[in-house]
Amino acid sequence: MEEIIIRLQEAVVNGDLELARAQAVQALEAGIAPLVAIERALNPGMQLVGERYEKGDYFIPDLVMAAEAMKAAMQVFEPALLARQEQQQVPGIVVIGTVEGDIHEIGKSLVATMLGAAGFRVYDLGVDVPASVFVDKVREVGADVVGLSALLTTTMRNQEVVIKALEEAGLRAGVKVIVGGAPASADWARLIGADGYAENANEAVEVVRKLLSAG
Amino acid sequence: MRPRLQILSSETIAHILSEAYALLEEPGVLIHSARALHLLAGHGARVEFERRVAHIPPELVHQALKTVPSSFQLYDAGGKAAVQYGGDAVHFDPGSAAIEILDPHSGRSRPPVTSDCIRFIKLADGLEALDALATSLVCADVPQEISDLYRLYLVLCYTDKPVITGAFGIASWHTMKELLVTAAGSAEALQEKPRAVFDVCPSPPLQWSEITCENLIDCAHYRVPAELVSMPLAGATGPVTLLGTVVQHAAECLSGITIHQLANPGAPIVWGASPAAFDMRTGTTPMGAIETMMIDCACAEVGKSLGLPTHAYLGMSDAKVVDAQCGLESGIGAILGALAGINMISGPGMLDFESCFSLEKLVIDAEIIGMARRLVAGLVERGTPLALDIVRQAGHAGNFLSLPHTRRWFREELFIPTPVIDRDFRNAWEEKGALSITERAARRVEEVIAAYLPKERPPEVLQELLQITLRAAQAAGMERLPVVTTE
Numbered sequence: 001m002e003e004i005i006i007r008l009q010e011a012v013v014n015g016d017l018e019l020a021r022a023q024a025v026q027a028l029e030a031g032i033a034p035l036v037a038i039e040r041a042l043n044p045g046m047q048l049v050g051e052r053y054e055k056g057d058y059f060i061p062d063l064v065m066a067a068e069a070m071k072a073a074m075q076v077f078e079p080a081l082l083a084r085q086e087q088q089q090v091p092g093i094v095v096i097g098t099v100e101g102d103i104h105e106i107g108k109s110l111v112a113t114m115l116g117a118a119g120f121r122v123y124d125l126g127v128d129v130p131a132s133v134f135v136d137k138v139r140e141v142g143a144d145v146v147g148l149s150a151l152l153t154t155t156m157r158n159q160e161v162v163i164k165a166l167e168e169a170g171l172r173a174g175v176k177v178i179v180g181g182a183p184a185s186a187d188w189a190r191l192i193g194a195d196g197y198a199e200n201a202n203e204a205v206e207v208v209r210k211l212l213s214a215g
Numbered sequence: 216m217r218p219r220l221q222i223l224s225s226e227t228i229a230h231i232l233s234e235a236y237a238l239l240e241e242p243g244v245l246i247h248s249a250r251a252l253h254l255l256a257g258h259g260a261r262v263e264f265e266r267r268v269a270h271i272p273p274e275l276v277h278q279a280l281k282t283v284p285s286s287f288q289l290y291d292a293g294g295k296a297a298v299q300y301g302g303d304a305v306h307f308d309p310g311s312a313a314i315e316i317l318d319p320h321s322g323r324s325r326p327p328v329t330s331d332c333i334r335f336i337k338l339a340d341g342l343e344a345l346d347a348l349a350t351s352l353v354c355a356d357v358p359q360e361i362s363d364l365y366r367l368y369l370v371l372c373y374t375d376k377p378v379i380t381g382a383f384g385i386a387s388w389h390t391m392k393e394l395l396v397t398a399a400g401s402a403e404a405l406q407e408k409p410r411a412v413f414d415v416c417p418s419p420p421l422q423w424s425e426i427t428c429e430n431l432i433d434c435a436h437y438r439v440p441a442e443l444v445s446m447p448l449a450g451a452t453g454p455v456t457l458l459g460t461v462v463q464h465a466a467e468c469l470s471g472i473t474i475h476q477l478a479n480p481g482a483p484i485v486w487g488a489s490p491a492a493f494d495m496r497t498g499t500t501p502m503g504a505i506e507t508m509m510i511d512c513a514c515a516e517v518g519k520s521l522g523l524p525t526h527a528y529l530g531m532s533d534a535k536v537v538d539a540q541c542g543l544e545s546g547i548g549a550i551l552g553a554l555a556g557i558n559m560i561s562g563p564g565m566l567d568f569e570s571c572f573s574l575e576k577l578v579i580d581a582e583i584i585g586m587a588r589r590l591v592a593g594l595v596e597r598g599t600p601l602a603l604d605i606v607r608q609a610g611h612a613g614n615f616l617s618l619p620h621t622r623r624w625f626r627e628e629l630f631i632p633t634p635v636i637d638r639d640f641r642n643a644w645e646e647k648g649a650l651s652i653t654e655r656a657a658r659r660v661e662e663v664i665a666a667y668l669p670k671e672r673p674p675e676v677l678q679e680l681l682q683i684t685l686r687a688a689q690a691a692g693m694e695r696l697p698v699v700t701t702e
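Sequences listed follow chains A and B, in order.
No gaps in the numbering here: position 115 of the first sequence is 115 in my numbering, and each next residue is one more.
Here my numbering runs 215 ahead of the position in the second sequence, where the first position is 1.
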């Protein structure tokens, strides 16, 4: 059992999708409970990846591939969790997207990936997302956090439009709103009444964690 | 001979283009403009309207490349040709479009306002190194809806130089064209002697947003020169391999040229670029990275191989203040761009990933441009013999300063910088206050702005420009334009 756990963790740390999937299957076959594998292999693996990034040994592609490897393993574990009527503890539900009029994907997707790897359940609505679609999704999934991305100075104001729409729908009190994208800033976030701003994807995870732990 | 930078072999260029053609067919180009999709479908491209994807066959691209002009000129307000797009001509214009300005008094960046914009225009107007202006500052004291056209209005009022600009919306493009027509006197006059180029930027990878694609087609219809600014980020929105990103850039530009030439064959357009090598540690888009500059030069080389006018964003820095990083990144970029023979090099004045403008940096960059121009002017044989007679004449006493030959040639042989570049003896430098380059640059900014001469404009033209801008402002909820306090 120890060997499988170690190899699964290594697969995540090395960003090896195939190996992660294979080791996850092996873990189940060896009778390792999925929650145990998640807690002892996947989570510590992602934590190590984060530490290496902070130290400067790892770079963004290493982070992203580790997150993808974790996702591959989770795809194996999820049916098993369901069958056992167990649930992984989800620290929060996030709805994320690039606001209307803006078709820039990369920053938003990076944040979605890192939040997913940190255990959050993430609904990525894609790009050019109208305010009403954000509102509907927040209501539907009971989101704790809404992430609004904008890369253009001309579209960043639509972040405010979504916040207003959430207010009008009576949903604003129940969700934390974070904003990001090149023209956004902490000042901008305050100005439009968002709860948080992050400079990059790793920081976004920290910001979301803090917002949720602060209630 | 003219020194030249070549970083691609002809075999590699052929390889790049053949893959770019293949990308246009599969996966094709995602275009958020019905007008463009119909245009392409009407000329034989396979279009999936549901997915908004056009699969563009090579024949369509070849056809477009046959009709696209290989050169055109921009004219100043007096109708004099001032910028040559095409061939190996090299021009510089300030970077665009900054949403911040570095305030020299506080040392911090802040959103620029009208008075900043006017100071910028007066400065750029006075710097000979800049052949064209750009609408570099986005003024925060007017509504966002008019922030694109408002900066053009100011530029048209305060300088005679040609201008590189761009629209932030579909409707505002037309207002901006109206401003240009008014300044030129008539639509015909503007077509005959274009004053401005509009940047139109595809979205990597292989996409066109509705606004930019509509701008592209409108430019074609009215024969207002367009400049394709494709900006893949190597490793993020394009392949991390630098040549892979050059392929994607070529495909994006070719898609733009095809749409543009289908809309109006023969309309002028530029093969431009603002790529970057994505920073894998911070997730930023470093404009000062050597790989960014390598991609820029390679993209231009591909465009030149097709006989097209070229443009690139170079001469910028990612530093947050005017420091040594700022100087080294800007210097390398401007030199490489000049050596690559890029027709329009945009970027001087820009800091912080193309988001923050510094007037002090602009005057330092003007010195860099002087050096870059000197470099590409090359080592010239001023006569035969090269030295034999003159060295013999000077003899071992060797006082060349007293020979007429020296006085005859030194102004042509040497680029003579302004005092922004320190060449004083140490004593003299100390006596002048031991100033850093940033401090000397700040002085030069004030000198150039103080020497600005107002441009002559018929009052009815000024009035009409004002009315057009004011109408747009009022439609956006602003009753009066900002009052300028610097005058």
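Using N, Cα and C, we set each Cβ at its ideal position, and we do this for glycine too.
The structure presented is a predicted model; accordingly, all values stated were derived computationally and were not measured.
Could you name the residues of the same chain whose beta carbon sits closer than 7 Å to that of residue 455 of chain B, not counting the 5 residues immediately before and after it, in chain order? Working through the second sequence from its first residue, we reach residue 455 of chain B at position 240. Scanning its chain for C-beta atoms nearer than 7 Å, with the 5 sequence neighbours on each side dropped, one finds around residue 455 of chain B the residues 449, in chain order.
message: Among the candidates B:276, B:266, B:248, B:247, whose CA atom is the shortest distance from the CA of residue 260 of chain B?
response: One-based indexing of the second sequence puts residue 260 of chain B at position 45. It is B:276 whose Cα lies nearest to the Cα of residue 260 of chain B.
- Looking at the structure shown, is residue 216 of chain B part of a helix, part of a strand, or coil, going by DSSP? Walking along the second sequence from the start, residue 216 of chain B turns up at place 1. Three-state result, residue 216 of chain B: coil.
Looking at chain A, which residues of the region 229-259 of chain B have a Cβ within less than 8 Å of any of its Cβ atoms?
Listed by position, the residues of the region 229-259 of chain B near chain A (Cβ gap below 8 Å) are 247.
(Q) Within a Cβ cutoff of 6 Å, which residues of the same chain sit near residue 7 of chain A, ignoring the five residues on either side of it in sequence? (A) Walking along the first sequence from the start, residue 7 of chain A turns up at place 7. For residue 7 of chain A, same chain residues with a beta-carbon under 6 Å away, outside a window of 5 residues either side, are 23 in chain order.
At what residues does the beta strand (DSSP E) containing residue 445 of chain B begin and finish?
Translated into the one-based positions of the second sequence, residue 445 of chain B becomes position 230. Note, residue 445 of chain B: beta strand (DSSP E), 441-445.
Handout entry: C-beta atoms of residue 531 of chain B and residue 563 of chain B nearer than 9 Å
Key = Here residue 531 of chain B is taken as the residue at index 316 of the second sequence, counted from 1. Here residue 563 of chain B is taken as the residue at index 348 of the second sequence, counted from 1. For residue 531 of chain B and residue 563 of chain B, yes; Cβs fall inside 9 Å.
Can you tell me whether DSSP reads residue 653 of chain B as helix, strand or coil? On the second sequence, position 438 is the one that residue 653 of chain B refers to. Collapsing the DSSP output to three states places residue 653 of chain B in a helix.
(Q) For a test of the three-state rule: what should DSSP assign to residue 176 of chain A, helix, strand or coil? (A) The count along the first sequence starts at 1 and reaches residue 176 of chain A at position 176. Reduced to three states, the DSSP call for residue 176 of chain A is strand.
Listed by chain order, chain A residues near residue 380 of chain B by CB distance under 9 Å
In the second sequence, the residue the question calls residue 380 of chain B occupies position 165. Here the premise fails: no neighbours, minimum Cβ distance about 15 Å.
(message) Within 10 Å of its beta-carbon, does residue 475 of chain B have 16 or more other beta-carbons around it, so buried, or fewer, so exposed?
(response) What you label residue 475 of chain B is simply residue 260 of the second sequence in a count that begins at 1. Buried is the label assigned to residue 475 of chain B, since at least 16 other Cβ atoms lie within 10 Å of its Cβ.
Do residue 167 of chain B and residue 307 of chain B have their CB atoms nearer than 9 Å?
The first residue shown for chain B is 216 and the last is 702, placing residue 167 of chain B beyond what the model contains.
Exercise for review: Check residue 197 of chain A in the structure and name its three-state DSSP category.
Suggested key: Taking the first sequence and counting its residues from 1, the one referred to as residue 197 of chain A is at position 197. Three-state DSSP puts residue 197 of chain A in a strand.
**Request:** Give a yes or no on whether 9 Å exceeds the smallest Cβ distance from residue 568 of chain B to chain A.
**Result:** As a position in the second sequence, residue 568 of chain B is number 353, starting the count at 1. By the rule that beta-carbons nearer than 9 Å mark a contact, residue 568 of chain B touches chain A.
In whole angstroms, what is the alpha-carbon distance linking residue 406 of chain B and residue 414 of chain B? Taking the second sequence and counting its residues from 1, one reaches residue 406 of chain B at position 191. Taking the second sequence and counting its residues from 1, one reaches residue 414 of chain B at position 199. If I take the Cα positions, the gap works out to 17 Å.
**Request:** Check the C-beta distance from residue 143 of chain A over to residue 180 of chain A and give it rounded, since I have them as a contact under 8 Å.
**Result:** Reading the first sequence from its first residue, position 143 is the one you call residue 143 of chain A. Reading the first sequence from its first residue, position 180 is the one you call residue 180 of chain A. That belief does not hold up - the Cβ atoms of residue 143 of chain A and residue 180 of chain A are roughly 16 Å apart, past 8 Å.
Buried or exposed, going by whether 16 or more other CB atoms sit within 10 Å of the CB of residue 604 of chain B?
Counted from its first residue, the second sequence places residue 604 of chain B at position 389. Exposed.
When the Cα of residue 76 of chain A is compared with those of A:123, A:19, A:137, which residue comes out closest? Taking the first residue of the first sequence as 1, we reach residue 76 of chain A at position 76. The shortest Cα separation from residue 76 of chain A among A:123, A:19, A:137 belongs to A:19.
query: Are the CB atoms of residue 478 of chain B and residue 435 of chain B nearer to each other than 9 Å?
result: For this step, residue 478 of chain B is matched to residue 263 along the second sequence. For this step, residue 435 of chain B is matched to residue 220 along the second sequence. Going by C-beta atoms, residue 478 of chain B is nearer than 9 Å to residue 435 of chain B.
Quiz item: Grouping DSSP H, G and I as helix and E and B as strand, with all else coil, what is residue 75 of chain A?
Solution: Here the question's residue 75 of chain A lines up with position 75 in the first sequence. Residue state, collapsed to three classes: helix.
Practice prompt. Please confirm whether residue 395 of chain B and residue 444 of chain B have their CB atoms less than 9 Å apart.
Written response: Taking the second sequence and counting its residues from 1, the one referred to as residue 395 of chain B is at position 180. Taking the second sequence and counting its residues from 1, the one referred to as residue 444 of chain B is at position 229. In this structure, residue 395 of chain B lies away from residue 444 of chain B, with their beta-carbon atoms at least 9 Å apart.
Q) Hey, is residue 495 of chain B's beta-carbon within less than 9 Å of any beta-carbon in chain A? A) To locate residue 495 of chain B, count along the second sequence from 1; it is residue 280. Interface residue, yes.
**Request:** Find the residues of chain B that neighbour residue 15 of chain A, judging by a C-beta separation of less than 8 Å, and give them in chain order.
**Result:** As a working note, residue 15 of chain A is residue 15 in the first sequence. At a C-beta separation below 8 Å, residue 15 of chain A has no neighbours in chain B, since its nearest C-beta there lies roughly 13 Å away.
Query raised in the report: Would you call the region 521-529 of chain B and the region 543-558 of chain B in contact, with 3 or more CB pairs under 8 Å?
Result: At 8 Å Cβ cutoff, the stretches touch.
Notebook entry, point to check: For residue 93 of chain A versus residue 121 of chain A, is the C-beta spacing smaller than 9 Å?
Noted result: Here the question's residue 93 of chain A lines up with position 93 in the first sequence. Here the question's residue 121 of chain A lines up with position 121 in the first sequence. In this structure, residue 93 of chain A lies near residue 121 of chain A, with their beta-carbon atoms less than 9 Å apart.
Residue from A:145, A:131, A:70, A:85 whose Cα sits closest to the Cα of residue 168 of chain A
Stepping through the first sequence from its first residue, residue 168 of chain A is reached at position 168. Comparing Cα positions, the closest option is A:131.
Can we say the region 276-291 of chain B touches the region 544-552 of chain B, given the rule of at least three CB pairs closer than 8 Å?
Here the region 276-291 of chain B makes no contact with the region 544-552 of chain B; the two share fewer than three CB pairs at distances below 8 Å.
Output yes if chain A places a C-beta closer than 9 Å to the C-beta of residue 452 of chain B; else output no. On the second sequence, position 237 is the one that residue 452 of chain B refers to. Residue contact with chain A for residue 452 of chain B: present (Cβ-Cβ distance below 9 Å to some residue of chain A).
Distance CB(residue 161 of chain A)-CB(residue 100 of chain A) smaller than 9 Å:
Locating residue 161 of chain A in the first sequence gives position 161, where the first residue counts as 1. Locating residue 100 of chain A in the first sequence gives position 100, where the first residue counts as 1. Yes. Within cutoff.
| query | Going by the CB atoms, is the gap between residue 69 of chain A and residue 28 of chain A shorter than 9 Å? | reply | For the purposes of this step, residue 28 of chain A is identified with residue 28 of the first sequence, where counting begins at 1. For the purposes of this step, residue 69 of chain A is identified with residue 69 of the first sequence, where counting begins at 1. Result no, Cβ atoms of residue 28 of chain A and residue 69 of chain A do not sit closer than 9 Å.
Any C-beta of chain B sitting closer than 9 Å to the C-beta of residue 148 of chain A?
As a first step, residue 148 of chain A is located in the first sequence; it is residue number 148 there, counting from the start. Chain B contact via Cβ: absent.
| Between residue 91 of chain A and the rest of its own chain, which residues show a CB-CB distance below 8 Å, the 5 nearest in sequence each way excluded? | Residue mapping note: residue 91 of chain A aligns to position 91 of the first sequence, counting from 1. So the qualifying residues of the chain are 118, 119, 120, 209, 212.
Who are the neighbours of residue 153 of chain A on chain B, taking C-beta pairs under 9 Å? Here the question's residue 153 of chain A lines up with position 153 in the first sequence. Correct list: 312, 314, 353, 359, 362, 383.
Note down, in chain order, every chain B residue with its Cβ under 8 Å from the Cβ of residue 110 of chain A.
What you label residue 110 of chain A is simply residue 110 of the first sequence in a count that begins at 1. Counting only Cβ-Cβ distances below 8 Å, residue 110 of chain A has contacts in chain B at 498, in chain order.
- Message: Please give the ranges of any alpha helix (DSSP H) in the region 393-435 of chain B, keeping only runs that are unbroken, at least 4 residues long and fully inside the region.
- Response: Counting only runs of at least 4 residues, the region 393-435 of chain B fully encloses the following alpha helix (DSSP H) elements, listed from N- to C-terminal order: 402-407.
Supposed close pair residue 125 of chain A, residue 133 of chain A - CB separation, criterion 8 Å: Taking the first sequence and counting its residues from 1, the one referred to as residue 125 of chain A is at position 125. Taking the first sequence and counting its residues from 1, the one referred to as residue 133 of chain A is at position 133. About 6 Å separates the two Cβ atoms, so the contact holds.
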